[in-house]
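Student: Numbers 4 to 155, taken from my numbering, label the letters of the sequence shown in order.
Cβ coordinates follow ideal geometry from the N, Cα and C atoms, glycine included.
Since this is a predicted model, take the numbers as computed values, not measurements.
Right, I'll just put the structure down here and ask away after.
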Amino acid sequence: MFKILLTGIWICGVTLFAGYATALWKTQNDPMMQKEAHLEGLDYQKTQPINVPVLEDGHIYGYIIAKFVFTIDAETLAKLAVPPHAFVVDEAFRLIYARADKRFAQLERTELKDITDEIKTRVNERFGVDIVQDVLVQEFAFHVPQEAVEPM
Numbered sequence: 004m005f006k007i008l009l010t011g012i013w014i015c016g017v018t019l020f021a022g023y024a025t026a027l028w029k030t031q032n033d034p035m036m037q038k039e040a041h042l043e044g045l046d047y048q049k050t051q052p053i054n055v056p057v058l059e060d061g062h063i064y065g066y067i068i069a070k071f072v073f074t075i076d077a078e079t080l081a082k083l084a085v086p087p088h089a090f091v092v093d094e095a096f097r098l099i100y101a102r103a104d105k106r107f108a109q110l111e112r113t114e115l116k117d118i119t120d121e122i123k124t125r126v127n128e129r130f131g132v133d134i135v136q137d138v139l140v141q142e143f144a145f146h147v148p149q150e151a152v153e154p155m
């Protein structure tokens, strides 16, 4: 009788320890927990829409309308004397203006990942430190004004 009671206590102890060890191991290796820790201090900031003219040969072919969202550490944002919104908008405008030409109006795909990575890199270079974590596209459209449409 004593051996059966001791065996039952031993089985309960091993089961409790195995459950505790599994729960501890699972929470330490859970990718979602690590992802939340990474995103915990980030703040999402929206920019104002920008209108970039598509010019070539003195003719306006249309306007690119873009709006971006960027992520930045909340503590860093609070410490900055100058908000980074103006720098993100400025770099986005410069980059899109330099790349856009009349071929853009022919409805071809554009690689947005390259544009957002370049904006992030340029803004961080201007600040001299990596403050912008990521740049996301909220809106990206091309508008052709009636004056730019040529009659057939």
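My output table needs one value for residue 53: the three-state DSSP class, helix, strand or coil.
Tutor: strand
Student: With distance defined between alpha-carbon atoms, name the residue in 57, 132, 65 nearest to residue 149.
Tutor: 65
Student: Just checking, does the stretch 116 to 125 make contact with the stretch 46 to 66 on the three C-beta pairs under 8 Å criterion?
Tutor: Result no; under three Cβ-Cβ pairs closer than 8 Å.
Student: What do you get for residue 20, buried or exposed, if any count of 16 or more other CB atoms within 10 angstroms of its CB means buried?
Tutor: With a 10 Å radius around the Cβ and a threshold of 16 neighbouring Cβ atoms, residue 20 comes out exposed.
Student: Could you give the C-beta distance for residue 141 and residue 74, rounded to a whole number, given that I count them as a contact under 8 Å?
Tutor: Actually they do not touch by this definition, with Cβ atoms about 12 Å apart.
Student: Please go through the same chain and pick out, in chain order, the residues whose beta-carbon is closer than 7 Å to the beta-carbon of residue 191, but skip the five residues on each side of it.
Tutor: The chain is shown from 4 up to 155; residue 191 falls before or after that span and cannot be answered.
Student: Kindly indicate which three-state DSSP category residue 85 falls into: helix, strand or coil?
Tutor: Residue 85 sits in coil when the DSSP states are folded into three classes, being neither helix nor strand.
Student: Out of 63, 28, 46, point me to the one whose CA is closest to residue 145's CA.
Tutor: Sorting 63, 28, 46 by C-alpha distance to the C-alpha of residue 145 places 63 at the top.
Student: If you draw a straight line from the alpha carbon of residue 10 to that of residue 31, how long is it in whole angstroms?
Tutor: 32 Å
Student: Measuring only the C-alpha atoms, how far is residue 126 from residue 80?
Tutor: 14 Å
Student: Answer yes or no: do residue 98 and residue 121 have a C-beta to C-beta separation smaller than 9 Å?
Tutor: Contact flag set, yes.
Student: To the nearest angstrom, how far is the alpha carbon of residue 134 from that of residue 12?
Tutor: 56 Å
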